[in-house]
Structures are given as structure tokens and as C-alpha cells.
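Once you know that position 159 of the sequence shown is 161 in our numbering, the rest is easy, because the numbers rise by one and skip nothing. Working notes, structure below.
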Amino acid sequence: MTLDHLHLFNFKNYAEADITFSKHLNILVGKNGSGKTNLLDAIYSLAFTKGAISSADQHYIKEGENQLVVRGTFTKEGKAHDLTLGLQVGQKKIFREDGQDYAKLSEHIGKYPAVLVLPDDVDLVKDGSEARRRFFDTLISQFDKVYLDSLMRYNHCLKQRNGLLKMFAESGRQDWVMIESYDDLLAPLGQQLFQKRLSFIEEFLGVFQRYYQLLVANEPVNLRYSSQLIEEDYKEGLLKGRTKDLALQRTSFGIHRDDFIFLLGEGDLKKLGSQGQQKSFVLSMKLAQLEILKQHKGFYPVLLLDDVFDKLDSERIGQLLKLFPTFGQVFLTDARPDRTLHLLDVVNLERKIFTVEKGEISGYTQEKG
């Protein structure tokens, strides 16, 4: 799968842009703040119906304007497809595939997959468990529609249960029959999601470790899935936690409390790993994400690499570049074009080099590697 053409209108700092890409390697160079990351985020929004950088859609509309359009033409399995994202202040978001609206935006997830690597991805190591759950949920949801549907229903039930707990705490009156009705919904959904996560980690681990060894030889790493469900029945855990839940005004037992522990050797990566080791760990996870999506979908997602060379030493950069010919379409940004072009001399791929300046694509050269 490739993104052949992208049109932007009032997206972040782009007033308007039309770009035709290489099917192999696309390099975006320019100063920090010029709009390179915004362009990657626009591509990401066509994969996920929303951007990655901001959770609020309106933040993507260019300052002083009231609407935006992102339009992309993809080639997938030999056929061209047009995707359109439209947003207007005060209006419902529009997302179309080949001119047809989706009944639910979630139907689009996984059809045009993308993997985005950002400089602050290392926060996956440093932040709380929610970020790590989101990583694996996003990955699994791109190839398993049952998982995505169950996750959405679970989160809806969880929100309703937490709302009841808050109401009970504020009113001083409890209705445990109502709580049990939500427990009866949460337990089977949570158990199903737990089993899928458990089996997926086994699949993911080997691919992840292989990529880490390619980037950082002879350094053992591991992932451990931590869940209350490993030792306790779902319904029993919800029942035991009711008094605690009432005090906290939220549900304290379930898969929404799961975590994924990152290990360097036998130690906690968060505590023991250097910045370079942490970045290599997360980059290897993203490359494993790319590979696993390819295995499940039958084609490579687009790979979006934002300032990926920063904080990687020359040896690890070299190992990463050797992998480029094995991937599908790659988009790469860098604020230091001389460094980038020098490093890419080893990559024998057709490429397009774009210069980005203040939201303008001022030109490109096309070269053979």
C-alpha cells in the first residue's frame, strides 16, 4: 500500500498544498517548526480519522480559518482509493472513502494502516500504564475488528459503571443490582480482551526482540503482561472491589488496569535504561508493529518517521537504514538535511526529497539511491 498524492487545505500551518510522493522513500527536510511533523500528522489522520499530536480536532484547523480538508489517494492491492477528511467549526466531522461516508468512523480503522514514530515516543516507557495499553490496543484494533468492537463496548460499560459509583457516593444511596447488571456486561467483554492481549503478547514478543537485536546486538530485552485477571476471576474481582470502588468512585478491577512491563535484561527499563536504550526499545516496538500489521493485512503500512535519527548513535542509525529496503513506503523528516542525505547514501531506493518552509513545500529533487 502506498500514499500517492496528498492535498491539504487549512491544515495546521498549511494554507494549501498538493504533493505527489515516491512509492518508496520520501524525505522531508526543513527547520524545526516548518511543518514537517504536521505533514506526517495529516497522513496519520487519513489512517485513523484523527491526528496523533492533538486530541482536539479543532486544533488542526489553520489559525484564523474555520474549516480544513485533508485528501489522499492511496494505491492498495493494485486499486486506487480516495480518502477525504473534512472538518468545519461547529459541524460534524466528515470522513469518506471513495466518496462514501462511513456509518461509524471505527469502520475505517485498519483499512489504510500507518505506523508513526515520534521523538516523544520514549514517553511510552516513562508515562503511566494508559499509554502502553493504548499502544497495544491501537495495534490489535487495526487487524482485529472483534477486538476493537469489544474494547469500545467495554469502555462504554466502564464509563456507565463509574458514573453510577459517583452518583452513589454523592447521594449516599446504593443500588448494587444496577452495578451487577454492568458487571454482567463487563466481565465477558473484559475476559475476551484479556485473552486476546495475552495471546498477542506471545506473537509480538518474538518479532520485537528480533528487531531490537538488529538495532542493538547482544542485549536481552523482554515484555511482561501484567493483569489482575492472571490470578483472579473477573466477576469475583468486581464483587470484592465494590466497597473500594464506592470510595474511589471508579472501578478498580479489570483490564483497564492492565500494564505492560518493559524489561532490559531482568531489570525495569524505566529505571535502568539509558535514553538511547529506551529510544531503541520503543523504536523496535514500532518496527514490530509495522511487521505484524504486514503479516495480518498482507501489505506494509506506511511508515512515518519523525526526527528518528535524534539520540541514536551512528551504529544504530546504520542498522535502521539497512532495514529500509525491506519496508514499504517510508516518510522521514529531519531538520539537518546534510546529515540525512549523507546517511541515506547507503540506501538503494528511489527517493523524493522535499523542502518544507513555513508550511510551504518549496520543491523537491528526485534521485535514485
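We treat Cβ as the ideally placed atom computed from N, Cα and C, and that holds for glycine.
Where R134 falls, given that 16 or more other Cβ within 10 Å makes a residue buried: buried
Paired residues, beta bridge with N28 - DSSP: F333 and K354
Member of A337, K281 and S47 whose CA lies at the smallest distance from the CA of G1: Coverage of the chain is limited to positions 3 through 371, which leaves residue 1 absent and any answer about it impossible.
CA-to-CA distance, L240 to D129, given in whole angstroms: 26 Å
Same chain only: Cβ atoms within 7 Å of A116, ignoring 5 sequence neighbours per side: I45, Y46, A49, P303, V304 and L306
Cβ neighbours of E359 in the same chain (closer than 7 Å, five flanking residues each side left out): G32 and S36
Beta-carbon proximity of D123 to K288, cut-off 9 Å: yes
Three-way DSSP call (helix, strand, coil) for D146 in this model: coil
Beta-carbon proximity of Y114 to H83, cut-off 9 Å: yes
Segment limits, alpha helix (DSSP H) that includes E18: That residue, E18, is in no alpha helix (DSSP H); its beta strand (DSSP E) goes Y16 to T22.
Cβ contact check for the segment 86 to 102 and the segment 230 to 240: 3 or more pairs under 8 Å: no
Local Cβ density within 10 Å of K14, reported as buried at 16 or more and exposed below that: buried
Length at least 3, wholly inside the segment 155 to 204: the beta strand (DSSP E) runs in chain order: none
8 Å CB neighbourhood of L265 in its chain, flanking five on each side removed: V223, N224, L225, R226 and L271
Beta-carbon proximity check, I142 vs F210, cutoff 9 Å: no
Exposure label - S173; buried when at least 16 CB within 10 Å: exposed
Enclosing beta strand (DSSP E) for G74 [first to last residue]: Q69 to K78
Status (buried if at least 16 other CB within 10 Å, exposed otherwise) for R212: exposed
Near the ligand FMN: F326 beta-carbon under 8 Å from a heavy atom: The ligand FMN is not part of this structure, which contains no ligands at all.
Member of K64, G66, V119 and I55 whose CA lies at the smallest distance from the CA of D312: V119
Cβ shell of T51 (< 6 Å), same chain only, five flanking positions each side left out: F97, L107 and H110
C-beta atoms of S316 and L217 nearer than 9 Å: no
Best match in D100, F23 and H9 for proximity to L334 [C-alpha to C-alpha]: F23
Where the alpha helix (DSSP H) through H298 begins and ends: Q277 to K299
Coarse secondary structure for D6, derived from DSSP in three states: strand
Length of the line joining the Cα atoms of H26 and R341: 20 Å
Run of the beta strand (DSSP E) containing L118, from where it starts to where it stops: A116 to V119
Span separating the alpha-carbon of Y156 from that of G165: 14 Å
Opening and closing residue of the beta strand (DSSP E) in which A82 lies: K81 to Q90
Test item: CB-CB of L295 and Q194 under 9 Å: no
Three-way DSSP call (helix, strand, coil) for V348 in this model: helix
Terminal residues of the beta strand (DSSP E) in which I319 lies: First-last for I319: S316 to L325, but that is the alpha helix (DSSP H), not the beta strand (DSSP E).
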